[in-house]
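Numbering (this note's numbering), first residue to last: 25 to 443. C-beta atoms are modelled at their ideal positions from N, C-alpha and C, and glycine is treated no differently. A quick note: this is a predicted structure, and the numbers were derived from the prediction, not measured.
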Ligand code: UD1
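Written out as structure tokens, the structure is:
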């Protein structure tokens, strides 16, 4: 297993943002809905994308992936099984369920199970697909679904923690080929869902309202292949913003879509960090001067993303004063707290809240990455800490960040990967 050795660093220069993993994955699943060729550009080259390629290959697709471009064609439409050995490594694979049901009329997709960030149920996915007329059984760890033809329905898709990104993706993809009209209320509004909607429309789907909480989908008979470009990764963008703040280093962030980070930019500006946006959408972030603590509540989009909570906790650990984080999407997503405290941070967890007493210094230590975004937080903490930080289990970070250490090294970070 690889580990990162990180030393305190000052960063400078510009970083180019990759395509969004969480947008690319459902778009890839949506190619199940057509037999024609799809070309998808700006796909980040990382572990989760490689896993989705393997799943689609099991499902009869032939895939070429070069220079961040995926070319996907269909060899066979027979298979309908997404096996556990692949699904267990990545929950997003569960969004093959909707398109398989719509196109191949049956699906057997392993249940993804829980993970370190919380329980992560799939009840909303199942509720939505059942409303469209699917017969669904949970048997021996698999979700088995079949239909004689899906039919439109009026579906309320809100759950105890608000909207669900992948449940919206699943139901949307199932509805595009069903009979009649489907209305989804309390749909997820995340930019990644809007991106999926635009891809489906390019394939010939009839959708109104992508990117809003009310989706109207008229089923069509057939979808065609198309060319499409995936949006920039807003979570990678926010991660570099957090790295800039923690190391007090001005950075230019190129190729992002700042409008997708409006809540994050608001928090950052309130901390006293200067954020300027150029005509070409480049973000200039300058955290010089005394910074103020922050109160952050994670919420569904357009709220502050839960996927940036850990990274901002790392930078708030180094902002004097008391900051508060309320985690409203995954109340147990605090595995990074203990690791940050081992580095000298002072964070107290109470239910779904974390109280951070900012220090002017934290110290390098041997620490363990627990999940994808937490590992990014630990890298950020390592870059800001005095001395040497060793981060074990960095395979988590390889799931979701393209060439992370190369990008950081180009900015001057002292980071090295060791086998
Ligand atoms: C997606 C993102 C993930 C991000 C999350 C929230 C991808 C591949 N992953 O995950 O990085 O952290 O959105 O922004 O895009 N819930 C239910 N029942 C369900 C489904 C979800 O109660 O059937 C709950 C979840 O436990 C959670 C909340 O709803 O509390 C939001 O989860 P959801 O939006 O579904 O997350 P994912 O789509 O799995």
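- The secondary-structure analysis by DSSP pairs residue 151 with nothing; it has no beta-bridge partner.
- Runs of the beta strand (DSSP E) lying entirely within the stretch 215–269 and spanning at least 3 residues, in chain order: 230–232, 238–242 and 251–253.
- Relative to the non-hydrogen atoms of ligand 1, the Cβ of residue 425 never comes closer than 7 Å to any of them.
- In the DSSP assignment, residue 417 is bridged to no other residue.
- Under the criterion of beta carbons closer than 8 Å, residue 272 and residue 314 do not qualify as touching, at roughly 10 Å.
- Remark: C-beta atoms of residue 295 and residue 343 approach each other more closely than 8 Å.
- Between residue 251 and the set 55, 41 and 31, the nearest pair of CA atoms involves 55.
- When C-beta atoms of the stretch 257–273 are compared with those of the stretch 226–237, fewer than three pairs fall below 8 Å, so the two segments do not count as touching.
- The stretch 115–127 and the stretch 47–63 touch, with three or more beta-carbon pairs separated by less than 8 Å.
- Residue pairing for residue 441: DSSP places it in a beta bridge opposite 28.
- Residue 343: not part of any beta strand (DSSP E); DSSP gives it neither H nor E.
- CA-CA distance, residue 425 to residue 258, rounds to 12 Å.
- Taking 7 Å as the cut-off, the C-beta of residue 188 counts as close to a heavy atom of ligand 1.
- Per DSSP, the continuous beta strand (DSSP E) segment holding residue 207 begins and ends at 205–209.
- Residue state for residue 57 is assigned as helix, using DSSP reduced to three classes.
- Nearest to residue 334 by C-alpha distance, out of 116, 264 and 301, is 264.
- Straight-line measurement puts the Cα of residue 346 at about 38 Å from the Cα of residue 49.
- Secondary structure remark: continuous beta strand (DSSP E) runs of at least 3 residues inside the stretch 31–111, in chain order: 38–40, 62–65, 85–90 and 93–98.
- In the DSSP assignment, residue 392 falls outside any alpha helix (DSSP H) and lies within the beta strand (DSSP E) extending over 390–392.
- In the displayed model, residue 335 falls within a helix according to three-state DSSP.
- With fewer than 16 other Cβ atoms inside 10 Å of its own Cβ, residue 319 counts as exposed.
- Relative to the Cα of residue 190, the nearest Cα in the group 202, 407, 172 and 212 belongs to 212.
- With a cutoff of 7 Å, residue 46 counts as near ligand 1, since its C-beta is closer than that to a heavy atom of the ligand.
- Distances from the CB of residue 183 to the heavy atoms of ligand 1 include at least one below 7 Å.
- In the displayed model, residue 381 falls within a strand according to three-state DSSP.
- Nearest to residue 396 by C-alpha distance, out of 357, 365 and 368, is 357.
- Per the Cβ contact rule, the stretch 140–153 is in contact with the stretch 172–184 (3 or more Cβ pairs under 8 Å).
- With contacts defined by Cβ atoms closer than 8 Å, residue 299 and residue 291 do not form a contacting pair.
- Between the C-alpha atoms of residue 436 and residue 289 there is a straight-line separation of about 24 Å.
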